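Student:
There are 2 protein chains.
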Amino acid sequence: MTEQPTQAGRITISVDAMGGDSGPATVVAGIAKSANKNPDIAFVLHGPEQKLRKLVAKRRVLQGRVVFRDCTDVVTMEDKPSQVVRSGKQTSMWSTLETVRKGEAHGAVSCGNTGALMALSMMRLRKLPGVNRPAIAILWPSRNPQGFNVMLDVGADVRADAKDLLQYALMGASYARNGMALDRPRIGLLNVGTEEHKGRAELKEAHAMISEFAEQANFDFAGFVEGSDIPGDKADVIVTDGFTGNVAIKTGEGTASLIGDLLREAFKYSPLSRLASVLAITSLQRLKKRIDPRQVNGGVFLGLNGTVVKSHGGADATGVSAAIKLAFTLAESGFAEKLAARVASTAQLAQDAAHVPPKAGE
Amino acid sequence: MTEQPTQAGRITISVDAMGGDSGPATVVAGIAKSANKNPDIAFVLHGPEQKLRKLVAKRRVLQGRVVFRDCTDVVTMEDKPSQVVRSGKQTSMWSTLETVRKGEAHGAVSCGNTGALMALSMMRLRKLPGVNRPAIAILWPSRNPQGFNVMLDVGADVRADAKDLLQYALMGASYARNGMALDRPRIGLLNVGTEEHKGRAELKEAHAMISEFAEQANFDFAGFVEGSDIPGDKADVIVTDGFTGNVAIKTGEGTASLIGDLLREAFKYSPLSRLASVLAITSLQRLKKRIDPRQVNGGVFLGLNGTVVKSHGGADATGVSAAIKLAFTLAESGFAEKLAARVASTAQLAQDAAHVPPKAGE
Chain F
1 MTEQPTQAGR ITISVDAMGG DSGPATVVAG IAKSANKNPD IAFVLHGPEQ
51 KLRKLVAKRR VLQGRVVFRD CTDVVTMEDK PSQVVRSGKQ TSMWSTLETV
101 RKGEAHGAVS CGNTGALMAL SMMRLRKLPG VNRPAIAILW PSRNPQGFNV
151 MLDVGADVRA DAKDLLQYAL MGASYARNGM ALDRPRIGLL NVGTEEHKGR
201 AELKEAHAMI SEFAEQANFD FAGFVEGSDI PGDKADVIVT DGFTGNVAIK
251 TGEGTASLIG DLLREAFKYS PLSRLASVLA ITSLQRLKKR IDPRQVNGGV
301 FLGLNGTVVK SHGGADATGV SAAIKLAFTL AESGFAEKLA ARVASTAQLA
351 QDAAHVPPKA GE
Chain V
1 MTEQPTQAGR ITISVDAMGG DSGPATVVAG IAKSANKNPD IAFVLHGPEQ
51 KLRKLVAKRR VLQGRVVFRD CTDVVTMEDK PSQVVRSGKQ TSMWSTLETV
101 RKGEAHGAVS CGNTGALMAL SMMRLRKLPG VNRPAIAILW PSRNPQGFNV
151 MLDVGADVRA DAKDLLQYAL MGASYARNGM ALDRPRIGLL NVGTEEHKGR
201 AELKEAHAMI SEFAEQANFD FAGFVEGSDI PGDKADVIVT DGFTGNVAIK
251 TGEGTASLIG DLLREAFKYS PLSRLASVLA ITSLQRLKKR IDPRQVNGGV
301 FLGLNGTVVK SHGGADATGV SAAIKLAFTL AESGFAEKLA ARVASTAQLA
351 QDAAHVPPKA GE
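Note that the protein sequences, when read in sequence, are chains F and V.
Per the UniProt record's numbering, the very first residue in the first sequence carries number 1; after that it's consecutive.
Per the UniProt record's numbering, the very first residue in the second sequence carries number 1; after that it's consecutive.
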């Protein structure tokens with residue numbers, strides 16, 4: 001087994017084996033899934049080396065494609081971000097990011113504690129020049145042809161002012177271009193109504209700034225959108241603060257999960273409905289696949305020097321593999337470098353724009 | 001036909017016949033549905049009298065149970081609330097509220113423009129003593145035994161400070177007690193995590209204030225809840241600001257509607273799945289009924305001198321009838337008076353509590 005951290009011709013993903021709800025075996029199963037589908041991928045795996053070596057040895061497809069970094073400590077879901085930043089140097093999460101920082105991997109994936117991962121990422125990878133608040137972007141099932149919309153921020157920070165929202169628009173547009181191959185994404189700014197006089201003051205200001213930048217940053221500005229447009233087709237990228245975004249996606253997830261459970265119950269109701277459910281099974285599986293959160297698992301941290309994908313804590317092997325695929329796609333497209341260039345070129349202009357009185361929505 | 005505004009032994013609901021997407025015929029069909037089911041209900045109907053008389057005359061069940069108030073003007077969905085407040089005196093919406101203000105009806109129902117209805121309600125009915133910001137409360141399908149949770153505010157105001165959130169908790173508890181017959185409702189405060197150190201500053205302050213009042217106001221405080229708990233079973237009443245609440249319910253509605261459409265598509269896919277859908281039809285209808293937004297149509301304005309129910313603009317007769325049933329239930333329980341007493345008794349204490357340093361979440 002080679003111990004070279006980056007293997008020739010392959011894109012290397014740094015993977016935190018620890019911190020997920022179902023342990024390192026699931027993470028190893030996930031990277032094996034990815035390795036099976038993708039000959040161009042290699043891994044640096046972080047956690048208790050002996051244990052990980054045993055798990056990896058069982059998967060023939062991983063032979064020669066995994067390098068180990070032994071870590072004695074783990075970040076738990078209960079750890080406070082501030083604690084982890086102070087004393088988390090021996091954790092697998094820290095080590096996972098360190099490999100990206102040193103340029104030994106093209107992107108990082110972790111199933112661990114979101115707050116700690118963001119805090120560590122900000123400290124170790126640093127924010128891109130011109131970015132005030134990094135954001136977490138996720139994909140949400142939608143009526144658009146691509147099947148999904150990008151939404152950000154969904155919880156990196158509970159606050160966002162007008163300039164932050166403009167940065168989110170720029171970063172979200174870049175992500176949609178590189179992660180979803182949309183040449184000219186449509187950006188929507190989340191509000192409680194689509195009329196320009198509605199909503200909070202910072203939203204009116206952000207509306208003016210984003211529409212100012214649309215042409216230059218090569219996106220279309222769809223203006224204000226509402227919660228119903230997150231799964232809709234009016235925009236490809238939904239921009240909002242991390243508090244609102246986090247509540248919105250969790251409400252959507254909770255509602256979808258309730259409907260799923262009620263659907264199962266409804267089909268158990270009578271012998272006839274049980275028969276129907278047998279006949280309907282492929283239809284229901286088709287639907288499930290279309291909106292399966294595991295298929296789009298992975299929140300991307302935007303605004304940092306390096307790509308970090310946060311996989312869901314409860315992800316199974318399919319979910320982990322989806323998060324790794326996302327990190328791979330972004331690495332392959334040179335997303336981190338393109339985003340850095342985009343943000344740098346507009347940062348100065350945004351600075352200027354902030355002093356121009358807003359035109360719209362007043 | 002008697003022209004007495006309140007008919008002996010009956011509860012009278014003041015209904016705005018105009019402003020809904022599908023016109024007065026739908027509203028009249030809705031009140032006829034309610035009249036059919038409920039012998040104890042009567043109506044004051046507002047709009048162009050001649051037209052309304054013709055529509056009502058076609059419904060035998062409405063004979064002797066409707067009084068008319070002729071109005072020449074209508075509030076449209078495009079009208080700005082400030083305009084309506086200034087010059088809306090001839091509108092059916094204004095007249096609908098006026099009947100409640102004068103004590104000629106026990107509650108009001110309108111399908112019209114939400115912003116205008118709230119602005120007019122505040123001006124004509126006035127806020128309850130001790131209430132700073134009135135709120136709109138809706139019911140959301142949930143995993144709780146009662147099948148629904150109360151959520152407020154969903155859009156009366158885009159802001160709410162800690163004291164407003166405390167008022168929402170008190171009003172929401174009262175609503176759950178009178179509208180849903182829950183003796184001791186559990187109140188949850190919406191945040192991005194359940195840990196007490198998380199979220200915005202005003203939420204930590206509200207956490208302390210609400211937990212201070214729980215015992216006295218006869219509710220249980222479930223602490224911070226997340227978006228996933230809105231359709232969940234951790235709380236019966238979800239308290240949040242009107243911006244977040246509005247985005248959350250619209251995201252939930254949009255996601256539910258997307259799933260519904262994808263389900264229909266999935267069943268059209270093949271001859272086998274079409275057969276399955278025929279067999280499954282009663283199961284699906286059972287599910288649909290359980291989460292049908294028409295069955296729980298009606299946002300209740302809380303914190304005013306009088307009960308106002310906002311029906312969805314796109315409501316059909318079933319939806320209008322559900323909104324009327326809600327207004328009836330609240331009127332019958334003496335909700336407006338109980339809420340006024342509850343708020344008055346706690347207003348002074350809340351005033352004091354605001355000067356006490358918060359205990360929890362610090």
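By construction, the Cβ of each residue, glycine as well, lies at the ideal position given by its N, Cα and C atoms.
It should be emphasised that the depicted structure is a prediction, and the values quoted were computed from it without experimental measurement.
Name, in chain order, the residues that DSSP records as bridge partners for residue 189/F.
Tutor: BP columns for residue 189/F point to 224/F and 239/F.
Student: Given a cut-off of 8 Å on the beta-carbon distance, is the pair residue 322/F and residue 298/F in contact?
Tutor: Closer than 8 Å, so yes.
Student: Taking the beta carbon of residue 325/F as the centre, do at least 16 other beta carbons fall within 10 Å, making it buried, or is it exposed?
Tutor: Buried, since its Cβ has 16 or more Cβ neighbours within 10 Å.
Student: Report whether the distance from the Cβ of residue 67/V to the nearest heavy atom of the ligand ADP is below 7 Å.
Tutor: The model on display carries no ligand, and the ligand ADP is accordingly not part of it.
Student: Per DSSP, what are the beta-bridge partners of residue 149/F in this structure?
Tutor: 140/F, per the DSSP bridge assignment.
Student: Taking 8 Å as the threshold (beta carbon to beta carbon), is residue 275/F in contact with chain V?
Tutor: Residue 275/F counts as touching chain V.
Student: With DSSP as the reference, identify every bridge partner of residue 287/F, one or two as the case may be.
Tutor: The partner list for residue 287/F (beta bridge, DSSP) is empty, contrary to what the question assumes.
Student: Rounded to whole angstroms, what's the CA-CA distance from residue 117/F to residue 110/F? Just pull it up for me.
Tutor: The straight-line gap from Cα to Cα measures roughly 8 Å.
Student: For the putative contact between residue 135/F and residue 303/F, defined by C-beta atoms under 8 Å, what is the C-beta separation to the nearest angstrom?
Tutor: Right, the Cβ-Cβ distance comes to about 6 Å (below 8 Å), so this counts as a contact.
Student: Threshold first: 3 residues or longer. Then list the beta strand (DSSP E) segments lying entirely within the region 269-343 of chain V, N to C.
Tutor: The qualifying runs are 299-302 and 308-310.
Student: Consult DSSP for residue 229/F and reduce its assignment to one of helix, strand or coil.
Tutor: Reduced to three states, the DSSP call for residue 229/F is helix.
Student: Does chain V have any CB closer than 8 Å to the CB of residue 377/F?
Tutor: For residue 377/F there is no data in the structure shown, the boundaries of chain F being 1 and 362.
Student: Find out if the Cβ-Cβ distance for the pair residue 311/F, residue 320/F is shorter than 8 Å.
Tutor: Going by C-beta atoms, residue 311/F is nearer than 8 Å to residue 320/F.
Student: Quick check: the region 191-206 of chain F against the region 150-160 of chain V, are there 3 or more CB pairs under 8 Å?
Tutor: In short, these stretches touch, since the Cβ pair count reaches three.
Student: Check the Cβ-Cβ distances between residue 158/V and every residue of chain F, and say whether any is below 8 Å.
Tutor: Output row for residue 158/V: interface = yes.
Student: Residues of the region 178-204 of chain F in Cβ contact with chain V at a cutoff of 7 Å, in chain order, please.
Tutor: Listed by position along the chain: 190, 192, 199 and 200.
Student: Residue 344/V to residue 129/V, Cα distance in whole Å?
Tutor: Distance between the alpha carbons of residue 344/V and residue 129/V: 6 Å.
Student: Classify residue 235/V as buried or exposed, calling it buried when 16 or more other Cβ atoms lie within 10 Å of its own Cβ.
Tutor: Buried, since its Cβ has 16 or more Cβ neighbours within 10 Å.
Student: By Cβ distance below 6 Å, which residues in the same chain neighbour residue 233/F in space, the five residues on each side in sequence not counted?
Tutor: If we look at residue 233/F and ignore the five residues flanking it on each side, its Cβ neighbours are 143 and 144.
Student: Could you check whether the Cβ of residue 324/V sits closer than 8 Å to any Cβ belonging to chain F?
Tutor: No, its Cβ sits nowhere closer than 8 Å to a Cβ of chain F.
Student: Return the bridge partner residues of residue 14/F from the DSSP annotation.
Tutor: Beta-bridge pairing links residue 14/F to 44/F and 108/F.
Student: Is any beta-carbon of chain V found at less than 8 Å from that of residue 269/F?
Tutor: Answer yes: the Cβ-Cβ gap between residue 269/F and chain V drops below 8 Å somewhere.
Student: What is the C-beta distance between residue 237/F and residue 150/F, in whole angstroms, given that I count them as a contact (C-beta under 8 Å)?
Tutor: Confirmed, about 5 Å.
Student: Could you list the residues in the region 130-146 of chain V with a C-beta less than 9 Å from some C-beta on chain F, going in chain order?
Tutor: Going along the region 130-146 of chain V in chain order, one finds 140, 141, 142 and 143 with a Cβ nearer than 9 Å to chain F.
Student: Is residue 247/F close to chain V, meaning its C-beta is less than 8 Å from at least one C-beta of that chain?
Tutor: So yes, residue 247/F belongs to the interface.
Student: Looking at the C-beta of residue 243/V, does it have a partner C-beta in chain F at a distance below 8 Å?
Tutor: Closer than 8 Å: yes.
Student: In chain F, what lies closer than 7 Å to residue 231/V by C-beta?
Tutor: By Cβ distance, chain F contributes 254, 255 and 258.
Student: Exposed or buried, what is residue 12/V when buried is set at 16 or more other beta-carbons lying within 10 Å of its beta-carbon?
Tutor: Burial call: buried.
Student: Return the residue from the list 106/V, 29/V, 119/V and 339/V that minimises the CA-CA distance to residue 57/V.
Tutor: Answer by Cα proximity: 29/V.
Student: Would you say residue 71/V and residue 87/V are within 8 Å of each other, going by their C-beta atoms?
Tutor: The answer is no: Cβ separation not under 8 Å.
Student: CB-CB under 6 Å to residue 221/F, same chain, minus the five flanking residues each way: which ones, in chain order?
Tutor: So the qualifying residues of the chain are 187, 210, 211 and 214.
Student: When you check each C-beta in the region 206-229 of chain V against every C-beta of chain A, which residues fall closer than 8 Å?
Tutor: This model lacks chain A altogether, as its protein chains are F and V.
Student: DSSP state of residue 255/F, grouped into three classes?
Tutor: Three-state DSSP puts residue 255/F in a helix.
Student: Give me the Cβ distance between residue 240/V and residue 190/V, rounded to the nearest whole Å; I'm assuming they're in contact under 8 Å.
Tutor: With a Cβ gap of about 4 Å, residue 240/V and residue 190/V count as contacting.
Student: Looking at residue 18/V and residue 112/V, is the spacing between their C-beta atoms short of 8 Å?
Tutor: The answer is yes: Cβ separation under 8 Å.
Student: 8 Å is my cut-off, CB to CB: does residue 282/F come that close to chain V?
Tutor: It does; some Cβ of chain V falls within 8 Å.
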